[in-house]
Amino acid sequence: MSLSNHLPIPVDGIQEKYLKDTWGAARSQGRNHEGIDILAPRGTKVFSTTEGIISSLKNNNLGGKVVWLIGPSGAWHYYAHLDEHNHRLNEGDYIQKGTLIGYVGNTGNARHTAPHLHYGLYLTGKGRGAVNPYPYLR
52 MSLSNHLPIP VDGIQEKYLK DTWGAARSQG RNHEGIDILA PRGTKVFSTT
102 EGIISSLKNN NLGGKVVWLI GPSGAWHYYA HLDEHNHRLN EGDYIQKGTL
152 IGYVGNTGNA RHTAPHLHYG LYLTGKGRGA VNPYPYLR
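Each residue of the sequence shown is one higher than the one before, counting from 52 in this note's numbering.
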């Protein structure tokens, strides 16, 4: 699988120097953090890091309001804890890099934390083959 070695930072107005590598940090129930958290004010725009197909626009207990996007390389891009999805998007839509997909929030298990985007990157399927997205967001 060939994945671009440079992906744009998905949160509007956040510069590279403000990113923190939170990959691998301990989480509840013996989990490790499979992504990075990008802090920003609630409602800040979140854009897709790649073109691809919207696989899922859901709400769940862990990620809250989430978007799963399958990029052209087959990598799965995960955007979680959104305050809202972009209501113009539907599952199955093909979108371009830079498309508005939602807004920063703290939904799901992040409801007692500061608003942020959890961004995950998976190379072998939805929720499988997690890799640290931090080095790609440069």
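We put the CB at the ideal spot given by N, CA and C, even for glycine.
Got a sec? Which residues, its chain only, sit under 7 Å from residue i by beta carbon, not counting five neighbours each side?
i            : result
tyrosine 154 : Gly94, Thr95, Lys96, Val97, Leu133, Asp134, Glu135
arginine 189 : His57, Glu67
Can you tell me whether residue i is buried or exposed, with buried defined as 16 or more other CB within 10 angstroms of its CB?
i              : result
alanine 76     : exposed
threonine 101  : buried
threonine 175  : exposed
lysine 177     : exposed
serine 99      : buried
histidine 167  : buried
threonine 164  : exposed
asparagine 56  : exposed
glycine 11     : This structure cannot speak to residue 11, because the chain is shown only from 52 to 189.
asparagine 137 : buried
Any chance the CB of residue i is under 7 Å from a heavy atom of the ligand GDP?
i            : result
threonine 73 : The ligand GDP is absent from the structure shown, which contains no ligand whatsoever.
Out of the options, which one is the CA nearest neighbour of residue i?
i              : options                      : result
leucine 108    : Gly86, Pro123, Gly143        : Gly143
asparagine 183 : Gly81, Ala91, Leu70, Asp63   : Leu70
arginine 139   : Ala131, Leu151, Gln147       : Leu151
proline 92     : Asn112, Arg82, Lys148, Val62 : Val62
alanine 161    : Gly64, Leu54, Asn110         : Asn110
isoleucine 65  : Gln147, Pro186, Leu90, Arg82 : Leu90
Leaving out five residues before and five after residue i in sequence, what residues of the same chain have Cβ atoms less than 6 Å from its Cβ?
i             : result
glycine 171   : Glu85, Gly86, Tyr129
threonine 158 : Gly115, Lys116, His132
lysine 59     : In the sequence under discussion, the amino acid at residue 59 is proline, which differs from the lysine named in the question. Excluding positions up to five away in sequence, the list reads Thr100.
leucine 54    : Ser124, Ala126
On the three-state DSSP scale, how would you describe residue i?
i              : result
asparagine 160 : helix
glutamate 67   : helix
glycine 81     : helix
Just to confirm my understanding: we take residue i, look at its own chain, exclude 5 residues before and 5 after, and list those with CB closer than 8 Å. What are they?
i              : result
glycine 180    : Tyr173, Leu174
asparagine 112 : Gly159, Asn160
Q: Inspect the CB distances between the region 102-116 and the region 83-90 and report whether three or more fall short of 8 Å.
A: no
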